[in-house]
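Using the UniProt record's numbering, the first residue of the sequence shown is number 1, and each one after it goes up by one.
Structure first, commentary second.
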Amino acid sequence: MKPYNKNFVFQEMKKYNNLVNPGTCGDYKIVKNTMNKQDLQGYMYENSDDYDIDIIQLYRNNTCLMKLSPREIESSYNAISFSYGKVGIVGLGIGYVVQEIARKTKVEKVIVYEDNEELIELYYQNFEENEKIKIIRDSALNASREIFDFFYVNSHKDQLTSEVVKDYIDFNKIHEIEEYAFYGLEHFLLSCKYEDIIWVYIPENWVAMSKRAYEALDVSRYIETYKPLDEEKVKGILFQFKEILNS
């Protein structure tokens, strides 16, 4: 069951291995290296599968910022699937999420906020102009007001902090947003205790995305190695959301 399907993940990785070429722009570079299985952890579970495929990686100087790995593909699947209408995205990355959202027939327009000029140049080394995609070269917090059907913050990665709450507040002040999501949303909600989360109003799309992720984990049996996030950290962030979502 997608996204926890090895054939699906490999298909996506191979597709972008053909689309994205190694390149450099200023302090940033894209490289391709064959990774060992211990370097390819999945989204919300411990990986034990063997992989033998080149992984696209984005570096700033000698620091790896992201990999187009099973974790990246699995974690972005629901955000891509739930996107519709006019979509806002914070963070360009390698371009995988942007390209996949733009490919959806129910998506009419994609506005990407990226303030790093070098990342944008790297993106255009691999992808042509697309009339559905507009990249705004500025901080998302400096953006002009827009009306979005779906808004996805793709810049938190594996660091769940109170920034997810701050961003929710800030972006909903700037824009009129129908459905909002952020990277790691499903992992956050599935790590919450029932006795805590029952008192919080959770947006319908958050519930639907988390339910689908759980079902996919269960069917694929990756649920057996599921790793919840730190209990106290999750509880603290949930209660910060409670003040906003319940108001």
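Here a beta-carbon is modelled for each residue, glycine too, at the ideal position from N, C-alpha and C.
Alpha-carbon spacing of residue i relative to residue j, whole angstroms
i      : j      : result
Phe150 : Ser48  : 34 Å
Val98  : Asp196 : 34 Å
Lys106 : Lys211 : 22 Å
Lys29  : Ile94  : 10 Å
Ile73  : Val112 : 19 Å
Trp199 : Ser83  : 27 Å
Met209 : Phe188 : 11 Å
Lys132 : Ala79  : 17 Å
Gln240 : Ser247 : 12 Å
Arg137 : Ile101 : 19 Å
Gln125 : Ile89  : 20 Å
Met57  : Met13  : This sequence places Gln at residue 57; Met is not what is there. Each residue's Cα considered, the two are about 12 Å apart.
Asp104 : Asn130 : The amino acid occupying residue 104 in the given sequence is Lys; Asp does not appear at that position. The alpha-carbon atoms of Lys104 and Asn130 are separated by roughly 13 Å.
Asp167 : Ser191 : 20 Å
Lys235 : Leu160 : 12 Å
Phe127 : Leu245 : 38 Å
Tyr214 : Tyr194 : 15 Å
Glu186 : Tyr77  : 11 Å
Lys173 : Thr63  : 33 Å
Own chain residues within Cβ distance below 6 Å of residue i, not counting five before or after
i      : result
Glu121 : Cys25
Val219 : Met1
Glu232 : none
Asn61  : Asp27
Lys242 : Val200
Gly91  : Asn154, Ser155
Glu179 : Phe150, Asn205
Ile177 : Phe148, Phe151
Extent of the continuous alpha helix (DSSP H) to which residue i belongs
i      : result
Phe8   : 6-19
Met209 : 204-220
Asp167 : 163-174
Ile223 : Careful: Ile223 lies outside any alpha helix (DSSP H) and carries neither H nor E.
Ser76  : 70-82
Cβ neighbours of residue i in the same chain (closer than 8 Å, five flanking residues each side left out)
i      : result
Glu163 : His156
Glu134 : The question names Glu, but residue 134 in the sequence shown is Lys. These residues qualify, in order along the chain: Lys109, Val110, Ile111, Val112.
Asp170 : Leu141
Tyr59  : Tyr28, Lys29, Ile30, Val31, Leu65
Gly23  : Lys29, Ile30, Leu122, Gln125, Asn126
Same chain, Cβ closer than 7 Å to residue i, neighbours up to 5 away in sequence not counted
i      : result
Glu118 : Cys25, Gly26, Asp27, Tyr28
Tyr4   : Glu74, Ala216, Leu217, Ser220, Tyr222
Glu146 : Gly88, Ile111, His175
The beta strand (DSSP E) enclosing residue i, as first and last residue numbers
i      : result
Tyr96  : Not the beta strand (DSSP E): Tyr96 falls in the alpha helix (DSSP H), residues 96-102.
Val196 : Note on residue identity: the sequence assigns Asp, not Val, to residue 196. Taken as a continuous stretch (DSSP letters only), Asp196 belongs to no beta strand (DSSP E), being part of the alpha helix (DSSP H) at 194-197.
Phe151 : 147-153
Gln57  : 54-60
Lys67  : 63-67
Gly23  : 23-25
Ile111 : 107-113
Ile89  : 85-90
Lys242 : From DSSP, Lys242 is part of no beta strand (DSSP E) but of the alpha helix (DSSP H) over 231-245.
Lys134 : 133-136
8 Å contact criterion, which residue i and residue j should meet: CB distance rounded
i      : j      : result
Ser75  : Gly184 : 7 Å
Lys32  : Asp54  : 4 Å
Ser139 : Asp115 : 5 Å
Val165 : Ile237 : 6 Å
Lys86  : Phe182 : About 18 Å; that fails the 8 Å criterion.
Leu68  : Tyr96  : 6 Å
Residue i beta carbon near the ligand SAH (any heavy atom closer than 6 Å)
i     : result
Asn47 : The ligand SAH is not among the ligands present in this structure, which contains no ligands whatsoever.
Report yes or no: do three or more beta-carbon pairs, one from the segment 7-14 and one from the segment 224-236, lie closer than 8 Å? Output reads no: the segment 224-236 does not touch the segment 7-14.
How do the segment 195-211 and the segment 14-32 stand: do at least 3 beta-carbon pairs fall below 8 Å, yes or no? no
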